[in-house]
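In our numbering, the protein residues as written are 1444 to 1667. C-beta atoms are modelled at their ideal positions from N, C-alpha and C, and glycine is treated no differently.
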């Protein structure tokens, strides 16, 4: 499959503008206001458009940003959540297990260079690392919003969920079918064993039942 550059995405320019406004709001007060934030956004979008991605693409970034906006009322610091969304899968190799940690390191390095204050950088990195487990503490409002936004794909309609599951399988195309089925089934069981998938009240009410139905259906198909 030929690679597609990030700037071919229909939302590329809108995303760059959104990123630029976000970074300007989050920079430390003593940072030069005239400094152009778009190079950082371009680099991030190029990462999200890498050829090994099938699910963890710019479309996923767009979806997580949209869901985080939908849940803004529950966030303590929506801008920090948005920064974490931009970075949460910025490093992604399906054959490696340390993607979240490497994404957090990228956030720390890039945001420091871009002039964001250290407290916010630390919080962004913490939120990125939280997407390993999607298990925020009960009082972690920003963690709840980011994790709910990241998992919202599980609550899609049957066609959307099937497309998501197929894209995940494509990303792991190098894994033999029997091993993939076993590993994927283990992940689905762990998700279904959680007391609740979604932590914010809105997400729990609107998405929980549908997500559990989708997960159960996929698990049954894998075990058939």
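Min CB distance residue i to chain D below 7 Å
{"i": "residue 1538", "result": "Here chain D cannot be found, since the structure has a single protein chain."}
Spatially closest choice to residue i from the options, by CA coordinates
{"i": "residue 1452", "options": "1485, 1463, 1481", "result": "1485"}
{"i": "residue 1550", "options": "1602, 1493, 1466, 1479", "result": "1466"}
{"i": "residue 1594", "options": "1457, 1510, 1472", "result": "1510"}
{"i": "residue 1533", "options": "1523, 1571, 1560, 1480", "result": "1571"}
{"i": "residue 1504", "options": "1589, 1576, 1464, 1520", "result": "1589"}
{"i": "residue 1460", "options": "1448, 1471, 1557, 1482", "result": "1482"}
{"i": "residue 1464", "options": "1517, 1512, 1518, 1522", "result": "1522"}
{"i": "residue 1447", "options": "1502, 1658, 1548, 1596", "result": "1502"}
{"i": "residue 1455", "options": "1546, 1487, 1472, 1479", "result": "1487"}
{"i": "residue 1605", "options": "1540, 1658, 1518", "result": "1658"}
{"i": "residue 1644", "options": "1656, 1517, 1623, 1490", "result": "1517"}
Residue i versus residue j: straight-line alpha-carbon distance, rounded
{"i": "residue 1581", "j": "residue 1543", "result": "22 Å"}
{"i": "residue 1535", "j": "residue 1525", "result": "18 Å"}
{"i": "residue 1445", "j": "residue 1573", "result": "Per-residue confidence for residue 1445 stands at a pLDDT of 47, beneath the threshold of 50, marking its modelled position as unreliable; the derived number appears in the next sentence. Going by the C-alpha atoms only, they are around 33 Å apart."}
{"i": "residue 1578", "j": "residue 1646", "result": "15 Å"}
{"i": "residue 1642", "j": "residue 1508", "result": "17 Å"}
{"i": "residue 1651", "j": "residue 1598", "result": "7 Å"}
{"i": "residue 1559", "j": "residue 1520", "result": "14 Å"}
{"i": "residue 1561", "j": "residue 1527", "result": "14 Å"}
{"i": "residue 1631", "j": "residue 1639", "result": "13 Å"}
{"i": "residue 1492", "j": "residue 1653", "result": "29 Å"}
{"i": "residue 1556", "j": "residue 1450", "result": "23 Å"}
{"i": "residue 1618", "j": "residue 1458", "result": "33 Å"}
{"i": "residue 1546", "j": "residue 1537", "result": "13 Å"}
Any non-hydrogen atom of the ligand NAD within 6 Å of residue i CB
{"i": "residue 1528", "result": "As far as ligands go, the structure on display features none, and thus does not contain the ligand NAD."}
Terminal residues of the alpha helix (DSSP H) in which residue i lies
{"i": "residue 1523", "result": "1521 to 1530"}
{"i": "residue 1546", "result": "1542 to 1557"}
{"i": "residue 1593", "result": "1584 to 1594"}
{"i": "residue 1560", "result": "Per DSSP, residue 1560 belongs to no alpha helix (DSSP H) and is neither H nor E."}
{"i": "residue 1646", "result": "1644 to 1666"}
Buried versus exposed call for residue i [16 or more other C-beta atoms within 10 Å across all chains shown]
{"i": "residue 1564", "result": "buried"}
{"i": "residue 1664", "result": "exposed"}
{"i": "residue 1514", "result": "buried"}
{"i": "residue 1661", "result": "buried"}
{"i": "residue 1621", "result": "exposed"}
{"i": "residue 1586", "result": "buried"}
{"i": "residue 1568", "result": "buried"}
{"i": "residue 1609", "result": "exposed"}
{"i": "residue 1667", "result": "exposed"}
{"i": "residue 1633", "result": "exposed"}
{"i": "residue 1596", "result": "buried"}
{"i": "residue 1479", "result": "exposed"}
**Request:** For the stretch 1604 to 1617 and the stretch 1487 to 1502, state whether three or more C-beta atom pairs, one from each stretch, are separated by less than 8 Å.
**Result:** Yes, since at least three Cβ pairs between the stretch 1604 to 1617 and the stretch 1487 to 1502 fall closer than 8 Å, the two stretches touch.
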